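Residue 224 in the numbering used here is what sits at position 82 of the sequence shown, and the numbering runs on without skipping anything. Below is one structure, written out as structure tokens; the observations come after it.
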Amino acid sequence: MDIEKREIYRAIAEMAYVMAKAEHGISSEERIAFFSIIKEELGDDAWIAQSHFELLDEVTIPTLDKAYNAAMYELTKYKGKMTAELKDKAIKVIKRVAESFGGFGENEAFILDRFKKDIKSL
143 MDIEKREIYR AIAEMAYVMA KAEHGISSEE RIAFFSIIKE ELGDDAWIAQ
193 SHFELLDEVT IPTLDKAYNA AMYELTKYKG KMTAELKDKA IKVIKRVAES
243 FGGFGENEAF ILDRFKKDIK SL
């Protein structure tokens with residue numbers, strides 16, 4: 143896997159982290175759901191997203207704004223590699239993460255709408 147795609151997968155994990163933290167933090171059940179979702183969506187390369195998600199959740203613990211902006215920075219940086227398929231995959235992961243964590247709240251809906259607009263502009 144090339145470095146650009148690896149960074150895109152890390153950015154997807156960062157955006158999933160934002161979504162997971164948006165309503166009430168991340169429980170162990172939510173972590174398990176996230177790992178299952180990325181395994182289904184990213185296949186054998188899911189470990190990239192999983193390790194970045196764990197780093198964010200256990201070590202760096204950024205604010206939601208900081209994590210969102212960092213993810214968008216990386217996605218913008220590698221926008222030349224952001225195919226329509228990768229954009230759709232990113233949106234799908236983020237949406238599934240939001241739905242899996244106890245329903246789709248107002249904050250999650252706002253973040254998802256913002257992310258869809260931001261990623262489509264790349």
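Here a beta-carbon is modelled for each residue, glycine too, at the ideal position from N, C-alpha and C. All of these numbers come straight from a predicted model, not from anything done at the bench.
What does a CB cutoff of less than 7 Å around Tyr151 pick up in its chain, not counting 5 residues either side in sequence? As a position in the sequence shown, residue 151 is number 9, starting the count at 1. These residues qualify, in order along the chain: Leu184, Asp187, Ile190 and Ala191.
N-terminal and C-terminal residue of the alpha helix (DSSP H) that Ala164 is part of: Within the sequence shown, numbered from 1, the residue matching residue 164 stands at position 22. First-last for Ala164: undefined, no H or E at that position.
Sorted by chain position, which residues of the same chain lie with C-beta nearer than 8 Å to Glu227's C-beta, five sequence neighbours on each side aside? For the purposes of this step, residue 227 is taken as residue 85 along the sequence shown, with counting starting at 1. Contacts found: none.
Would you say Ile236 and Leu217 are within 8 Å of each other, going by their C-beta atoms? In the sequence shown, the residue the question calls residue 236 occupies position 94. In the sequence shown, the residue the question calls residue 217 occupies position 75. No, the Cβ-Cβ distance between Ile236 and Leu217 is not below 8 Å.
Helix, strand or coil for Met139? Go by DSSP, reduced to three states. Beyond the ends of the chain as shown, which are 143 and 264, falls residue 139; an answer cannot be given.
Considering just the uninterrupted stretch of the alpha helix (DSSP H) at Ser178, what are its terminal residues? Counting from one through the sequence shown, the residue named residue 178 turns up at place 36. Note, Ser178: alpha helix (DSSP H), Ser170 to Leu184.
Alpha carbon to alpha carbon, what distance is there between Met143 and Glu248? One-based indexing of the sequence shown puts residue 248 at position 106. One-based indexing of the sequence shown puts residue 143 at position 1. C-alpha separation (whole angstroms): 36 Å.
Write down the C-beta distance between Ile168 and Asp199 rounded to the nearest angstrom, noting that I regard them as a contact closer than 8 Å. Here residue 168 is taken as the residue at index 26 of the sequence shown, counted from 1. Here residue 199 is taken as the residue at index 57 of the sequence shown, counted from 1. Yes, they are in contact, since the Cβ atoms of Ile168 and Asp199 sit about 6 Å apart, within 8 Å.
Tell me where the alpha helix (DSSP H) around Thr218 begins and ends. Within the sequence shown, residue 218 is the residue found at index 76, counting from 1. Where Thr218 is concerned, the enclosing alpha helix (DSSP H) stretches over Leu206 to Lys219.
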